[in-house]
Every structure is written in structure tokens, then in C-alpha cells.
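Written out below as C-alpha cells is the structure these notes cover.
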Amino acid sequence: MTDRAASRRPLADAVAAAVSAGVDWVQIREKDLEGGALLALADSLAAAARRANPAVRVLVNRRIDVALAAALDGVHLGFDAAPPVLARRLLGAGALLGLATHAPGEASPAEQAELSYLQLAPIFPPLSKPLVRAPLGLAVLARASRAKLPVFAQGGIEAANAAACIEAGAAGVAVTGAILAADDPGAAAAKLRRALDEAAPAPAAARR
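The following block contains the structure:
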């Protein structure tokens, strides 16, 4: 998950290094950008990521219009985004469509029918921003991961605890600070990738 403020390097360079080292999804999350500025960044980051690995999947938070204009792979929805049924109608059946959640069962069955995955946060205290919600912990993650949809763990994830998230049932992890705040984003991503690959097999979904 990108955050220009958290990155110690130019963001496109950090994204390319992380993708080269094993990150397989990039989620563009730049809440302060709108319209043309966000589209320009999305174009730049998608190009950098796809040069590093043509198979990488690139999503943007909230903005269906930006996803369509930049030919991204999907959209990550939150409380301030379009309803999943509308997003699916606009993006089409093949797009990735995710939803941010903060508790098991928060997404309704009707919403889940339109979604590709759920993202649950925060599992641990975040590394890249102040704590505003109590950490949920691995037991809550395990309960949420019983859903039919893949669940990605977010919040305070790093190489030292990534395997525990997979063993709790998560399909993968979503990180910001563990990679972007590192002196060497590529090395940090590779370390995280190894931890995920050595963990117990995850449900049938791409890890990130």
C-alpha cells in the first residue's frame, strides 16, 4: 500500500524495487490526491510496477474513474467509496474489487457477492501512522478468515509477524511501513516475501 509520506525513496523507485523483490499487488493509497494528480501518479506507479513485473496487479483506493482511466486492475473500497454493487457494474467482472473492514462480518452477504477480497485492519499497531483503533490481534483475524472471500491482514505487518497472519488464515498481507519506510525497500520486500512463502499454505488467493 503506497504512502508518499512514508517512503524514504521516490515512490516509483520504491514500488519498482518492491515488485522486483516479490510484491505481487500494489495498492495506490494517496488520500490527499484527487483528480489529475492522482491519475498522473497512478500512471507513473503502474508503469514502474509493470516494468518490474508485467504480472503485477495494481489497484487504487476509492477512485473507480482513475482505475478505468489508468487501466488498473481494480479498486479498493472504503467507507467513503461507491457501493460494491455499483463498483462491480462499472469495473466489470474481471476487475479486482476489495473492501476495507475493521471487524469480522462487517461486509454484508450482498456486498461480499460483488467483492474479490476483504482487507482487515489493524491486526497489530500500524508502523506507518498513529494508532487510531485498538489492534484486533490474530484471534480476530482467524475468525474473519473463515469468510468465503480471501482476507488480507493489514496493520503493523512485517517479516517477523507475517507468517503468523498466514497461519491464522489470512490469504496474504497488506503493508506500507515495512517496505516503504525501510532504507532498502527491495531488501525489505524480499525478506517479507520469504516469510510469507515459508508460512503455512494460504487459501487460494494471491499473497501480497
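In this note's numbering, the protein residues as written are 1 to 208. All residues carry an ideal CB built from backbone N, CA and C; glycine is no exception.
- Annotated as distal: GLN154 and ALA168, with beta-carbon spacing of 7 Å or more.
- In the same chain as ALA178, and ignoring 5 residues on each side of it, the C-beta atoms closer than 8 Å to its own belong to LEU127, ILE157, GLU158, ALA159, ALA188, LEU192, in chain order.
- A residue is called buried when at least 16 other Cβ atoms come within 10 angstroms of its Cβ; GLY92 does not meet this threshold and is exposed.
- The beta-bridge partner set that DSSP reports for GLY98 consists of HIS76, TYR117.
- Residues of the same chain with a CB within less than 8 Å of the CB of LEU59, apart from the 5 flanking positions on each side, are TRP25, VAL26, GLN27, ILE28, ALA67, LEU72, ASP73, GLY74, VAL75, HIS76, LEU96, GLY98 in chain order.
- Our two residues, ALA69 and LEU90, have alpha carbons roughly 12 Å apart in a direct line.
- For ILE123, same chain residues with a beta-carbon under 6 Å away, outside a window of 5 residues either side, are LEU136, LEU141, ALA153, GLY155 in chain order.
- Its Cα nearest to that of ALA113, the residue PRO150 stands out among LEU45, PRO150, ALA134, VAL23.
- Setting aside the 5 residues that flank it on each side, VAL19 is surrounded in the same chain by ALA49, ALA52, ASN53, VAL56, each with a C-beta closer than 6 Å to its C-beta; the list follows chain order.
- For LEU91, the enclosing alpha helix (DSSP H) stretches over residues 84-91.
- By the 16-neighbour rule on beta-carbons within 10 angstroms, GLY186 is buried.
- The C-beta separation of ASP183 from ARG62 comes to about 31 Å, leaving the pair out of contact by the 8 Å criterion.
- Going by DSSP, ILE64 is part of the alpha helix (DSSP H) stretching over 64-69.
- With fewer than 16 other Cβ atoms from the protein chains shown falling within 10 Å of its own Cβ, GLU106 counts as exposed.
- Sixteen is the threshold: since fewer than 16 other Cβ atoms of the shown chains lie within 10 Å of the Cβ of SER108, the residue is exposed.
- Apart from the 5 residues on each side of it in sequence, PRO84 sits with its Cβ closer than 6 Å to the Cβ of GLU111, GLU114, LEU115 in its chain, given in chain order.
- With distances taken between CA atoms, LYS31 lies nearest to GLY78 out of ALA46, GLY78, SER44.
- One alpha carbon belongs to THR2, the other to ARG88, and they sit about 23 Å apart.
- In the DSSP assignment, ILE166 falls within the alpha helix (DSSP H) that extends over 159-167.
- Here the alpha carbon of LEU180 sits roughly 13 Å from the alpha carbon of ALA21.
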